[in-house]
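To keep things clear, I will list the structure first and then write my remarks on it.
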Amino acid sequence: MVSIEQYGEFETSWCPGCGNFSIVKSLKKALTELDLAPHEVMVSAGIGQAAKTPHYMNCHMFNGLHGRSLPVAQGMKMANPEMTVICESGDGCSYGEGGNHFLAAIRRNLDITLLVHNNQIYGLTKGQASPTTVRGMVTKTQPDGAPSEGFNPITVAVAMKAGFVARAFSGEPDHLVETIKAAVNHKGFSLVDILQPCVSFNKVNTFAWYKERSYILEGHDTRDWCGAMEKADEFDEKIPLGIIYQNGRQPFSNVGQLATQSYNKDDLKAVLQSYR
Amino acid sequence: MVSIEQYGEFETSWCPGCGNFSIVKSLKKALTELDLAPHEVMVSAGIGQAAKTPHYMNCHMFNGLHGRSLPVAQGMKMANPEMTVICESGDGCSYGEGGNHFLAAIRRNLDITLLVHNNQIYGLTKGQASPTTVRGMVTKTQPDGAPSEGFNPITVAVAMKAGFVARAFSGEPDHLVETIKAAVNHKGFSLVDILQPCVSFNKVNTFAWYKERSYILEGHDTRDWCGAMEKADEFDEKIPLGIIYQNGRQPFSNVGQLATQSYNKDDLKAVLQSYR
Amino acid sequence: MSDTSINIVIGGAAGQGLATVGTLMAKAMTRAGYHILVNQKYMSRVRGGHNTFTIRMGPDPVVSITDDIDILVALDAETLELHKDDLREDGLVIHGDDIDSAGFNALRIPFKDLASKPLFYNIVALGVLGGAACQDSAIFETLLSETFSKKGDAVVEANVDVIRKSFEWVKEQKVSFSCIASAKESNTDRLMLNGNEAIALGALAAGCNFLSFYPMSPSTSVADTLITKGRGLGLKYEQVEDEIAAMNMAIGASYAGAKSIVTTSGGGFALMVEGISLAGVSETPIVTIIVQRPGPATGMATRTEQGDLNLVLYAGHGEFPRAIFAPGNVEECFYLTHRAFDLAEEYQTPMFILSDQFLADSYADVEMFDLDTLPETTKPLLKTESEPYKRYELTEDGVSPRMIPGYSETLVRADSHEHDEMAAVTEDGANRVLQNSKRLSKESGLIQDVIGPDHYGEEKPDVLLMCWGTSLGACLEAADTYEGKSIAVLHFKQVYPLREEQFMDYLEAAGEVVAVEGNATGQFAKFVAQETGFRVGSYILRFDGRPLSPQYVLKGLNSII
Amino acid sequence: MSDTSINIVIGGAAGQGLATVGTLMAKAMTRAGYHILVNQKYMSRVRGGHNTFTIRMGPDPVVSITDDIDILVALDAETLELHKDDLREDGLVIHGDDIDSAGFNALRIPFKDLASKPLFYNIVALGVLGGAACQDSAIFETLLSETFSKKGDAVVEANVDVIRKSFEWVKEQKVSFSCIASAKESNTDRLMLNGNEAIALGALAAGCNFLSFYPMSPSTSVADTLITKGRGLGLKYEQVEDEIAAMNMAIGASYAGAKSIVTTSGGGFALMVEGISLAGVSETPIVTIIVQRPGPATGMATRTEQGDLNLVLYAGHGEFPRAIFAPGNVEECFYLTHRAFDLAEEYQTPMFILSDQFLADSYADVEMFDLDTLPETTKPLLKTESEPYKRYELTEDGVSPRMIPGYSETLVRADSHEHDEMAAVTEDGANRVLQNSKRLSKESGLIQDVIGPDHYGEEKPDVLLMCWGTSLGACLEAADTYEGKSIAVLHFKQVYPLREEQFMDYLEAAGEVVAVEGNATGQFAKFVAQETGFRVGSYILRFDGRPLSPQYVLKGLNSII
Ligand SMILES: Cc1ncc(C[n+]2csc(CCOP(=O)(O)OP(=O)(O)O)c2C)c(N)n1
Ligand SMILES: Cc1ncc(C[n+]2csc(CCOP(=O)(O)OP(=O)(O)O)c2C)c(N)n1
Ligand code: SF4
Ligand code: SF4
Ligand SMILES: [Mg+2]
Ligand SMILES: [Mg+2]
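The structure is reproduced here in C-alpha cells:
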C-alpha cells in the first residue's frame with residue numbers, strides 16, 4: 013500500500029493562496045489512492061508556475077522547456093510503457109507555446125495524462141494574457157484588452173474526439189482527485205483542464221468567480237459526442253466540472269521497454285546482407 | 013474591370029493531373045470576379061507543392077517557410093489592412109508544422125483567407141503521412157499504417173467558432189470559385205479546406221474517391237453551431253462541400269497603414285518627458 | 002578619482018515592494034541632480050525569496066555598480082544576514098522592528114508609529130532612506146503627488162503625509178552616517194530609465210511601429226515599454242502564440258512596410274533561428290532584441306549572463322550578413338537600437354541588439370535624448386520608375402531597391418528559396434552564386450559602417466581589459482581603481498562585424514590583453530581570434546548569474562598580474 | 002595512378018525512372034566486383050525537370066566523383082544538350098528514338114522493338130547500358146529476379162526476358178566504345194549503399210532504438226532506412242508534428258532509456274536549437290543527423306552544400322559540450338554514427354553527424370561491416386547502490402552516473418533550470434559555477450577522444466588542401482592528378498572539438514594551406530583560425546549547390562598557384 017507521505021512535502025515558491033497548492037496535493041492523493049508509488053510515476057513538465065509541480069513531489073521528473081512537456085512525455089511513454097506518465101503544465105505552456113503538440117498528442121493517443129493548471133494567465137512571467145484569457149481582459153501587455161477569443165481546450169479536444177476530456181477545479185479537491193484517477197486509469201491520452209485561481213495576476217477569474225459558476229456534472233452521457241460538445245461550450249454563466257467526453261479509441265502502440273532491449277546481431281547481419 | 017489574364021499564365025512544376033492546377037485557376041477566377049487586381053492582393057505561402065501557388069500567378073508574394081504562412085500573412089495584414097491577404101498552403105504546412113498558428117489565427121481573427129490544398133499527404137517530400145492522412149494508411153515512412161487519427165480541420169475550426177469555415181474540392185471548380193469569393197468577402201479569418209487529389213502519392217484519396225462522396229451542401233444553416241459541428245464531422249461515406257459555419261465575430265483591429273505612418277515628434281518628446 | 006558615491010542596497014522578499022521603494026528613491030535622486038546607477042537582483046518567483054534593489058548615487062557620474070554597501074535597507078532578517086559582509090565599516094543598516102541589528106550602526110524604523118496601515122510601510126522606508134541620505138523631503142513629496150495623482154487627492158495627501166513624517170523622524174535620530182556630497186548639477190532634463198526602456202525608446206525614435214513578441218524574462222519590459230509608450234505613437238503590437246510566430250509575423254509586417262521589432266531572450270531566440278534565416282534570404286529588415294540570461298535551456302530566468310553571443314553570431318542556416326550591437330550602458334541602448342533600425346533597412350538584413358538582465362533592469366540617469374539631431378533612418382521605396390521591378394536586382398553593393406507592396410501597381414515578390422532577380426525559384430548554379438554573393442557582399446557596406454570599440458586609458462598600458470556589452474562599467478572602474486600598473490579598457494559595443502584596423506593597434510600595444518566577459522568560455526575573445534588571429538593572454542570570466550563588478554574584475558586582475 | 006574508371010551519366014526528367022536504372026546498374030556493377038561511386042543531382046519536384054544519376058565505376062577504388070563523361074544515357078533531348086560538353090572525345094551517347102545525336106558516337110535504342118510496353122523501357126535502358134559497359138547479362142538477370150520476386154514469376158520472367166534481349170541487341174551493334182577493364186576482385190560480401198543508408202545502419206549497429214523526425218530533404222532517407230530496416234530490430238519510431246517535437250520527444254525517450262536519433266536538414270535543425278540546449282543542460286544523450294542543403298531558409302531543397310557548420314557548432318543558448326562528426330564517405334557514415342552514439346552516452350551531451358545531399362545520395366561499394374569487431378557502446382545504469390542517487394553529482398571528469406528511471410525504486414530527476422546535484426532548482430551562484438563547470442569539463446574527455454584528421458600525401462607538400470566532410474574525394478583526386486607541385490590533403494572527419502597537436506605540424510609544414518569547402522565563407526577554416534590562430538592562405542569554395550569535383554578543385558588550384 014502506497015501512502016501519501018511517500019510523495020513528500022516540499023517548500024514551494026508559489027504565492028500564498030495560489031490554486032496550485034491544492035492541485036499538487038490532489039495529484040499526490042490520486043496517485044496514492046491508485047496505489048502508485050513515486051518510482052512508478054514519471055512526470056514531464058514545461059516551464060511556468062504550474063510546471064514547477066514535480067519539484068514539489070517525489071517522482072521521476074523531467075522538467076524541460078516551456079511548451080514542450082507533451083513531446084517529452086510521449087517520448088518517455090514510448091520508451092517505457094510500463095510507467096504512468098503525467099504531463100504537468102500551465103495554460104500558456106500547453107495551449108500557447110505548446111499548442112501544436114496538444115493537437116498532435118490528441119491525435120496520437122499515447123496513454124498519458126495531461127494536467128493543465130489553467131489560471132487563464134501567464135503567472136510566472138507576471139500577468140500577460142494567456143490563450144485562455146477572456147477576450148477584452150486588460151493586462152500590462154494587453155492595455156487595450158486581450159484581442160483574441162479565449163481558447164476553450166475542452167471544445168477542441170472533444171471536437172477531435174480525444175479519448176478522455178475532463179474539467180476540474182482546484183477549489184473542488186475531492187472531485188479533482190477522482191477526476192485525476194479516472195484520467196490516469198483511462199487507456200490513451202487524457203486531458204484534465206483544471207481551473208486554478210492565480211491570486212497575484214488574475215483579478216477577474218478568481219476563486220470566487222470559479223466557485224460561483226462551476227458545478228459538478230451529473231447524469232451526463234460522456235459517450236455522446238454532440239452532447240459533450242454542448243457541455244464543452246459552456247464556459248460563462250455556468251462551468252461544468254467532470255468528465256465531459258470519453259471514448260474507447262485504441263491507444264498508440266508503437267512502444268517498447270527500450271532501456272533493456274537490444275537487437276539480435278543475426279537480424280542486423282541479415283539487414284546488412286540486404287544491401288548486397 | 014480586372015481580367016483573369018492579368019493574373020498571367022505560368023509554367024508549373026506540378027505533376028500532370030495534380031489537383032493544384034484547378035485550384036490556382038479557381039483562385040485567379042475568384043479574384044477576377046471580385047474585381048481585385050493583382051496589385052491589390054498579397055499572397056503568403058509556406059513550403060510544399062500547394063505553397064508554390066503564388067509563383068504561378070501575378071500578385072504580391074511572400075513565399076516563406078514551411079508551416080509559417082499564417083504568421084507572415086497576419087503580419088502583412090496588420091501592416092496594410094487595405095490589401096486582400098491570402099494564405100496558401102498544404103495540409104502538412106497548415107495543420108502539421110503550422111498547427112499552432114492555425115489555432116492562434118482562428119482566435120485572433122484577422123481579416124485574411126486561408127486556402128489549404130488538402131491532399132492528405134506530404135506531396136513535395138514524396139509521400140509521407142500528413143496530419144489529414146487517414147489512420148492506417150500505409151506509406152514509406154508509415155509502413156505499419158499512419159498511427160494517428162486524421163486531423164479534421166473543419167471540426168476544430170467550428171469548435172473554435174472561427175468566423176468562416178468552408179470545405180471545397182478541386183474537382184468542383186465552380187463551387188470552389190464561389191467559396192473562395194465568399195471567404196475573401198468575409199470580414200475576419202476564413203478557412204477554406206480544399207480537397208485536392210495528389211496523383212503521385214495518395215492512391216487512396218483519389219479524384220474518384222473525393223468525387224464519389226462529396227456533395228454540395230444545400231439548405232444548411234451556417235449560423236447554427238451545433239448543426240455545423242455535425243456537418244463538420246461528416247468525412248467518410250459522405251463529405252459535405254460548402255460553407256459549414258459562419259458567424260459575425262469582430263475582426264482583429266489593431267492594424268494600420270504602417271509604411272506611410274510616422275510618429276509625431278512632439279508625442280515622442282512627451283513620452284521621453286515621462287521619464288523625468 | 003576619489004569615490005564620491007554611496008551605494009544603497011534595499012533587500013527583501015518578492016512582493017514586499019522593494020522595487021517600488023527603489024525606483025522612487027532613484028527617481029528622486031535623479032531629480033535632485035545626482036547621478037545614479039541601479040542593479041536589481043531577484044529570483045524567478047512572484048512572492049518570497051530574496052531580492053535586492055541597489056542604487057549607487059553621487060554627484061559625479063556613476064559608471065559602474067559596486068559590491069560595497071553604504072546603506073542597507075533590510076526589509077527582512079535574511080537581508081542583513083546575507084549582506085552584512087559587504088557593509089562598509091561606517092555603513093548604516095535601516096530596518097524594521099522584527100530584526101536584530103545588535104552590533105551594527107542601525108536605524109530601527111517604528112513602522113507602526115509612522116504609518117497607519119501596512120500599505121504605507123514602503124513609503125515610510127522611502128522617507129527614512131531619503132532622510133538618511135541627507136535629502137530634502139520636497140522632491141519626494143512632489144514625486145509622490147505625481148505618482149498617485151490618478152488615485153485622487155486623498156491618496157496623495159496620505160502618502161505625502163507619511164513621507165513627511167518619516168523624514169522628520171529621521172532628523173530626530175542620531176545617525177552616525179556621513180552625508181553624501183551635494184549634487185553638482187541640477188539638469189532638469191535628465192531622464193531616469195533602465196536598459197530595456199532605453200531600447201524601446203530608441204526603437205520608437207527610429208520609427209519602429211510593429212512589435213510581435215512572446216513574453217520571456219528578462220526581455221519582457223522592452224515589449225511592455227514599447228506597448229505602453231508606443232501605442233499612442235501608432236505602434237501596432239501583438240503578443241503571439243510562440244516565438245516562431247513572433248519572428249515570422251514581424252517579417253510579414255516588415256515586408257508590408259512596417260518597421261518591425263522582436264523581443265526575446267536566449268531560449269526564445271533559439272526558436273527564431275529558422276526565421277532569421279528567412280529574413281536573410283528574403284532580405285527583409287528585422288531588428289531582434291535579445292536580453293540574455295544564463296543558459297543552457299531554462300537556466301536562471303531572472304539572472305544575467307553574456308552567454309549567447311555565439312548563438313546570435315551564427316543563428317540561421319546558410320550564410321547571410323548581419324550586425325550585432327551590444328550596448329554598454331543605458332544611453333547606448335537608445336542610440337544603438339536606433340542605429341540598428343537604420344542599418345536593417347539600409348542593408349535589408351537582420352540586426353541584433355544583445356543586452357542582458359543586468360542592463361535590462363539597471364536604471365541610470367541620462368541626458369535627455371536629442372531627437373532633433375538624431376540621424377534620419379533609411380526609408381524603403383513606395384514606388385519605382387524602373388520596370389520591371391526586380392526585388393533582388395544584382396547591384397554593385399549587393400543592396401537592391403526595396404519596395405513596399407501596395408502603394409502602386411508594381412508587384413513586390415519575395416522568396417525563401419534561392420531565387421532569381423524577380424524572386425522566381427531557380428536551381429540554376431550560376432544564379433545561385435550570383436544571388437548568394439550579392440547577399441554576402443552587403444557585408445562590405447556593413448564593415449564600412451562598423452562602430453569601432455571605445456578605448457579608455459593609456460595607449461600602451463600594462464594591461465588592456467577587452468570587454469563587450471554590459472561589462473563596460475565594471476572594467477572602467479576596475480581600471481581606474483587598480484594601483485601599481487596602468488590598466489586600459491577596450492570596449493566593443495558592436496561585436497559583429499569587426500574591422501581589424503579599428504583596434505588591432507590597441508591589442509598589440511598592450512603589455513597583456515585580458516578578456517573580461519560574463520560567460521564561461523570567453524566567446525568574444527575567441528571570435529576576435531578567429532577574425533584577427535590575435536589570442537588574448539588571459540580571461541576574467543563570470544558566470545554565476547551575477548553581473549561583473551569592479552571588485553570581481555580586480556580580484557581577477559590580482560590573480561593574473 | 003592512371004584512371005581505370007569510366008563515368009556513366011544517366012539524365013532525364015523526374016518520373017522517368019532514372020534512379021531505378023541507375024541504382025540497378027550500380028548494384029550489378031558492385032556484384033560484378035567493381036568499385037562504384039554515385040552522384041545524384043535532381044530538382045525539387047516530383048515530375049519533369051532535369052535530373053542526373055551518375056555512376057563512376059572501375060576495377061580500382063573510386064574515391065571521387067568526376068565531371069568527365071564516358072557514357073551518357075540521355076532519356077530526353079535536354080540531357081544531351083546540357084551534358085555534351087562534358088562528354089569525353091571517345092564518349093558514347095545512349096538514347097531513344099526521339100533524340101537527334103548526329104555528330105556523336107551514339108547508340109540509338111529501338112525501345113519499341115525491345116520491349117512490349119513502356120513499363121519496360123527502363124529495363125531496356127539498363128540492359129543496353131550494361132551491354133555497352135561490356136558486362137555480362139547474368140548478374141543483371143539475377144538482380145532483376147530478386148528485385149521483382151515479390152511480384153511473382155510472370156513479372157520476373159518478363160523483366161529477365163527484356164534485359165536479355167537488350168544485352169543481345171547491344172552485342173549486335175557496332176559501338177566504338179572501349180571496354181572497361183575487368184573487375185579485379187569479386188568480394189561477395191561487398192555492400193552497395195548510400196551515405197544516408199550507412200548512417201541509419203551505423204545507428205542501428207550502435208543499438209539505436211528510437212527515432213522521432215519530421216521529413217525534410219535530403220535527410221528523409223535516413224529515417225526511411227531506419228524505419229524499414231530497424232523496425233524488425235525493435236526500433237520505435239514516430240513521424241511527429243514538427244521538428245521541435247522531434248527533438249523533445251527524442252530527449253524524453255532518451256531520458257527513459259532509449260537510444261535516440263533525430264534526423265533533419267538545416268532548416269529543420271534551426272527549429273531544434275532550443276531543444277539541443279535542453280539536452281545540454283539536462284545531460285541527455287542525443288544523436289542528431291543533419292544532412293545539409295544550400296540555405297539560407299528554403300534555399301535549394303535537393304542540392305548540396307556544407308553551409309551549416311557554424312550553426313551546428315554553436316546551436317543552443319548557453320554553453321555546453323558537444324562533438325561534431327563529418328563523414329567523408331559512405332563507410333565513415335557508418336562508423337562515425339556508431340561512434341556518435343557511444344560518445345553521446347558516455348558524455349551525456351548532444352552529438353552531431355553533419356552530412357550533405359551529395360553524400361546522402363551517393364551510393365558506393367563498401368566492405369561488409371564487421372559487427373563482431375565493433376566496439377561496445379557505453380551503457381547507462383539501471384540501478385545504483387549509492388543513495389541518495391544524485392543525477393548531477395559533481396565528479397572529477399564532469400560525468401555523473403546516468404541512471405534510467407523505472408528499473409528500480411530510485412527516483413531519477415532531470416531539469417532544464419540550473420540545478421543542484423539532486424536536480425532541484427537553485428539560484429545559488431556558487432552552485433551555478435560548479436554545475437556549469439562540471440558540464441563544460443566533459444570537454445576534456447571529449448578532447449582526448451577526438452579522431453584526428455587524416456593526412457594524405459607528402460609531409461611537406463607545396464600545397465596542403467584542408468577539407469572536411471564530404472569534400473574528401475574531390476581533394477584526393479585533385480591532389481593525385483595535379484602535376485608540377487606536390488599536393489597533400491588534410492581531411493577532418495571530426496570537426497569539433499579540435500585537438501591542435503593532431504594537425505598543427507601538417508599545417509605549418511606545408512608551403513601553402515588552401516581550405517576547400519562547400520560553402521561561401523570558409524567556415525571550417527575560420528574555426529581552425531579561432532582554435533589555433535592559424536589562418537589559411539587561400540580558399541577554394543563551392544556554393545552553387547553542386548558537390549566539389551576534382552575538376553573544380555583543380556581549376557581553383559590553378560588560379561591560386
Ligand atoms: C521558449 C520560452 N518562451 C518563453 C518563456 C518564458 N515563460 C516562462 S513561463 C511562461 C508563461 C507561463 O504561463 P503558463 O504556462 O500559463 O504557466 P503559469 O505560470 O501561469 O502556471 C513564459 C512565457 C520560456 N521560458 N521559454
Ligand atoms: C522546417 C521544415 N521542415 C520540413 C521541410 C520539408 N518539407 C517541405 S514541404 C513538406 C511537406 C509538404 O506537405 P504539404 O504541406 O501537405 O504540401 P504538399 O506538398 O502536399 O502540397 C515538408 C515536410 C521544410 N521545408 N522545412
Ligand atoms: S503568480 Fe499566480 S499562478 Fe503563480 S504562484 Fe502566484 S498565484 Fe500562483
Ligand atoms: S506530388 Fe502530388 S501534390 Fe505534388 S504536384 Fe504531384 S500530384 Fe500534385
Ligand atoms: Mg497560466
Ligand atoms: Mg499535402
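Chains as they are written, first to last, in the working numbering: chain A, 13 to 288; chain R, 13 to 288; chain W, 2 to 562; chain H, 2 to 562.
Yeah, the Cβ is synthetic: ideal placement off N, Cα and C, and Gly gets one too.
CB of residue i within 8 angstroms of CB of residue j, strictly
i                     : j                        : result
leucine 81 of chain H : histidine 96 of chain H  : yes
serine 151 of chain A : glutamine 140 of chain A : The residue asked about is misnamed: residue 151 of chain A is threonine in this sequence, not serine. Yes, the pair counts as a contact, with Cβ atoms nearer than the cut-off.
serine 56 of chain A  : glycine 253 of chain H   : yes
Residue i: CB within 7 angstroms of a non-hydrogen atom of ligand 1
i                       : result
serine 4 of chain A     : No statement about residue 4 of chain A is possible, as the shown extent of chain A runs from 13 to 288 and does not include it.
cysteine 238 of chain R : no
Where the alpha helix (DSSP H) containing residue i begins and where it ends
i                         : result
cysteine 238 of chain A   : 237-244
isoleucine 192 of chain R : 185-197
aspartate 114 of chain H  : 112-115
Near ligand 3: residue i beta-carbon under 7 angstroms from a heavy atom
i                       : result
cysteine 210 of chain A : yes
Cβ-heavy atom distance, residue i to ligand 2, below 7 angstroms
i                       : result
glutamine 61 of chain R : yes
The beta strand (DSSP E) enclosing residue i, as first and last residue numbers
i                       : result
alanine 489 of chain H  : 488-493
arginine 414 of chain H : 414-416
lysine 237 of chain H   : 237-240
lysine 42 of chain W    : 36-42
cysteine 468 of chain W : 464-469
beta-carbon residue i near ligand 5 non-hydrogen atom, thresh 7 angstroms
i                         : result
asparagine 249 of chain W : no
Any non-hydrogen atom of ligand 6 closer than 7 angstroms to residue i Cβ
i                     : result
serine 222 of chain R : Checking the sequence, you will find tyrosine at residue 222 of chain R rather than serine. No, the beta carbon of tyrosine 222 of chain R sits no closer than 7 angstroms to any heavy atom of ligand 6.
Cβ pair count under 8 angstroms reaching 3, the stretch 364-376 of chain H against the stretch 187-203 of chain H: yes
For this session: Inspect the CB distances between the stretch 477-489 of chain W and the stretch 527-539 of chain W and report whether three or more fall short of 8 angstroms.
Result: no
Stretch-stretch touch, CB-based, cutoff 8 angstroms, three pairs: the stretch 183-198 of chain A with the stretch 244-254 of chain A = yes
Practice item. Below 8 angstroms between beta carbons is the criterion; list the residues of the stretch 394-419 of chain H that meet it against any residue of chain C, in chain order. Key: In summary, chain C is missing from the structure at hand, where the protein chains are A, R, W and H.
**Study point:** Segment contact flag, the stretch 293-311 of chain H with the stretch 415-422 of chain W, C-beta cutoff 8 angstroms, min 3 pairs
**Key:** yes
| said: When you compare the stretch 262-272 of chain W with the stretch 214-230 of chain W, are there three or more beta-carbon pairs, one atom per stretch, that lie closer than 8 angstroms? | reply: A contact exists between the stretch 262-272 of chain W and the stretch 214-230 of chain W.
Within the chosen definition, does the stretch 60-72 of chain H reach the stretch 394-401 of chain H through at least 3 CB pairs nearer than 8 angstroms?
no
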